[in-house]
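Working notes, structure below.
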Amino acid sequence: MLTFDNQFRRELPGDPNTSNTTRQVNGAVWSPVMPTPVAAPRLIAYSQEMANELGLSTAMMQSTEVVNALGGNGVFAGSEPYATVYGGHQFGHWAGQLGDGRAIYLGEVVNAAGTRHELQLKGAGPTPYSRRADGRAVLRSSIREFLCSEAMFHLGIPTTRALSLVATGDKVVRDMFYDGNPEREPGAIVCRVAPSFTRFGHFEIHAARNDVALLKKLIDFTIARDFVDITLPTEPVERVGEWFGVIAERTAVMVAHWMRVGFVHGVMNTDNMSILGLTIDYGPYGWIDNFDPGWTPNTTDAEGRRYCYGRQPEIARWNLERLGSALLMVTDEDSQDAHHMGDLLTAGMNRYDAAFDLATRNNLAGKFGFAEWREEDTALVNDAYRLLVDAEVDMTIFFRRLAEVGVAPKDVTADRATMAEAFYRDDLRETHQAAFDAWIERYRHRIAEDDFAPTDRAARMAQFNPKYVLRNYLAQEAIDLATGGDNRMVLELLDVMRRPYDEQPGRERFAEKRPDWARQKAGCSMLSCSS
Ligand code: AMP
Ligand code: MG
């Protein structure tokens, strides 16, 4: 049914210990481990696009054999399950060995076109890297990962994908807010898919352990398997240094996309950073409602706000520096090679800055509907963002409505009416109305300078400004219903998010700003890492 070619397992050193006991794993990059069977796997939803990509028909997806394998009861022919070792900097501090504590690789599937995909079950039971946890995942966090992976894909943002969402029939105990109130929640498993799930932390761990031979092996393997599409120098130092620059650029493009659509990852630890620049590990992520650079959905981060929306570009940069430090280990300390590598890593960081600036200028020009970015647009754009913060304006609705303003004839009253929907509070709207009017006036002048037919401008803006994003409260509504056994909203959201930039008549309710009830509700504005 699926053709497996498990190159990672075949070519990289594995752990000789085959027991499923929690431990430090040295000298290997993976450990064999089987999913732990569950009570009653039941397919809640799957991604049609992903199934097609893997060559799985509707009938296959719904077959007992496939549902069992996606729930961890039995394995596909050719699958050789394993978990990998990685480390990471969590909230700015080196955390030592982490590893796939609740993700189990099924192996690498090569589809009919020859494209390779890694498959993982998230929540399929303990692995040698589970530490004190159970290796399971609850339904609410699995719905969130499943829906957001696919939503991000359809937004055109580099991301890991999700094939399926399976309910396990088992209960999982979680203390959602770590406040001594554990509850039994329904369990679920997401089968996620990516060309590679390799993270920055996969390299950091071997560097931290001074296992240079293993670090080099993993680098060589990753470049050969996961970066086939790029040409790198053959000289070893040049090769790794140049490769780092590619990773830096891809990371920059990813984060610029997050900023464009108002996505907040929530836990940008280095173990949650993909070497391919894919959005990975959907945990306490969130979407900006009222624009606020300081907003973080992650309650664990509420104090420091390390991972808030506005700091994401700086944190990605910091994470790249950690990766760079690990890669530096392939050269001998203080040698000529080390100095050369240092220069290349610095050049790589410069490539991050340049790629981020370029992507951001392009994204901002697209969002505001400018034919191209001009340096003097900075003031106009900054003033807009300042107003969005001060007046508590919905980011997503603002930009969609701005496109409407741009095609309408100049009329202050009509512009106010067009924009009114984007405001959360009438009092703040009134307070800032004059400032908004003045800003719109400046905006009208600016866009008049472009040689753009208004409808062309609006069409272009619609490609940068999604109408439908997976707002936290929408995901939470779907979760509440699914917890009561009604999966229809999960399926409907999956479908709505397939065309995020299109007007979808009849589905306006999925484009509405956060309702008042969701302002402080768990899951809507506050999320914990407990999942
Ligand atoms: P995260 O904060 O989700 O990125 O996870 C950090 C580390 O904790 C990773 O090594 C995970 O595999 C591990 N982890 C998180 N939740 C669980 C769980 N329920 N069981 C086992 N390991 C887990
Ligand atoms: Mg993680």
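Residues 4 to 534 (my numbering) make up the sequence shown, in order.
No residue lacks a Cβ here, since even glycine has one placed at the ideal position from N, Cα and C.
Computed from a predicted model, the values in this text were never measured in an experiment.
What's the C-alpha gap between residue i and residue j?
i: E480; j: Q507; result: 20 Å
i: G75; j: L348; result: 42 Å
i: Q339; j: R242; result: 16 Å
i: I283; j: R428; result: 34 Å
i: Q466; j: H157; result: 12 Å
i: W33; j: A329; result: 19 Å
i: L405; j: M422; result: 7 Å
i: L73; j: S152; result: 17 Å
i: E424; j: T234; result: 49 Å
i: A305; j: K413; result: 43 Å
i: T416; j: W520; result: 30 Å
i: D454; j: A116; result: 43 Å
i: F359; j: R26; result: 39 Å
i: A525; j: P189; result: 17 Å
i: L494; j: N29; result: 43 Å
i: D137; j: A127; result: 9 Å
i: F180; j: V270; result: 16 Å
Smallest Cα separation from residue i: which of the options?
i: G345; options: E245, Y388, W376; result: E245
i: S199; options: L221, L217, M500; result: L221
i: R432; options: L494, F401, L361; result: F401
i: R139; options: G159, V231, V193; result: V193
i: F203; options: D232, T39, N272; result: N272
i: I107; options: L122, F94, G99; result: L122
i: L166; options: M53, E407, L383, H260; result: M53
i: F94; options: L57, L124, N275; result: N275
i: T21; options: H92, P131, A62; result: P131
i: H343; options: A438, V410, G30, V240; result: V240
i: A191; options: E511, F247, K125; result: K125
i: G351; options: R320, R164, G372; result: R320
i: A437; options: R325, A462, R12, A394; result: A394
i: W290; options: M4, K516, I318, R13; result: K516
i: S145; options: Y312, Y355, R447, L168; result: L168
i: S50; options: A514, D232, D498, D505; result: D498
i: R460; options: T67, F373, A170; result: F373
i: G81; options: R314, R445, R13; result: R13
Within its chain, find whatever has a CB closer than 7 Å to the CB of residue i; leave out the 5 residues flanking it on each side and keep chain order.
i: M332; result: A210, V215, L218
i: I443; result: V408, D418
Using a threshold of 8 Å, state whether the C-beta atoms of residue i and residue j are closer than that.
i: P316; j: M257; result: no
i: Y476; j: P503; result: no
i: A43; j: F149; result: no
i: G286; j: C532; result: yes
i: V41; j: G172; result: yes
i: V88; j: I208; result: yes
i: I278; j: D229; result: yes
i: N9; j: P129; result: no
i: A368; j: W376; result: yes
i: F294; j: V392; result: yes
i: R195; j: T163; result: yes
i: F206; j: L46; result: no
i: V78; j: L59; result: no
i: V537; j: P457; result: Since the displayed the chain opens at 4 and closes at 534, residue 537 lies outside it and no answer follows.
i: L57; j: A485; result: no
i: E111; j: R119; result: yes
i: I318; j: Y312; result: no
Counting only the same chain and skipping the five closest in sequence on each side, list residues whose C-beta sits under 6 Å from that of residue i.
i: M529; result: T302
i: T6; result: V113
i: A154; result: L473, M500
i: F426; result: V396, R432
i: V176; result: P185, R187
i: G280; result: P161, R253, T254, M257
i: A31; result: P16, G17, D18
i: G102; result: V88, Y89, Y132
i: K370; result: F402, F467, N468
Per DSSP, residue i forms a beta bridge with which residues?
i: L122; result: G110, V196
i: T282; result: T162
i: L530; result: N301
i: R432; result: DSSP output for R432 lists no bridge partner at all.
i: Q93; result: H96
i: P35; result: Y85
i: L46; result: V169
i: A127; result: R139
i: V396; result: F426
i: H190; result: Note that residue 190 is Gly in the sequence shown here, rather than His. V141.
i: R1; result: No information on residue 1 is available, as it lies outside the stretch 4 to 534 that the chain covers here.
Short of 8 Å in beta carbon distance, which residues of its chain neighbour residue i, apart from the five on each side in sequence? Order them along the chain.
i: A362; result: A255, V256, A259, H260
i: N366; result: A259, H260, M262, R263, F467
i: C527; result: N475, Y476, Q479, R517, A521
Would you say residue i lies against chain C (beta-carbon separation less than 8 Å)?
i: A116; result: Judged by its chain identifiers, the structure shown contains no chain C, having just a single protein chain.
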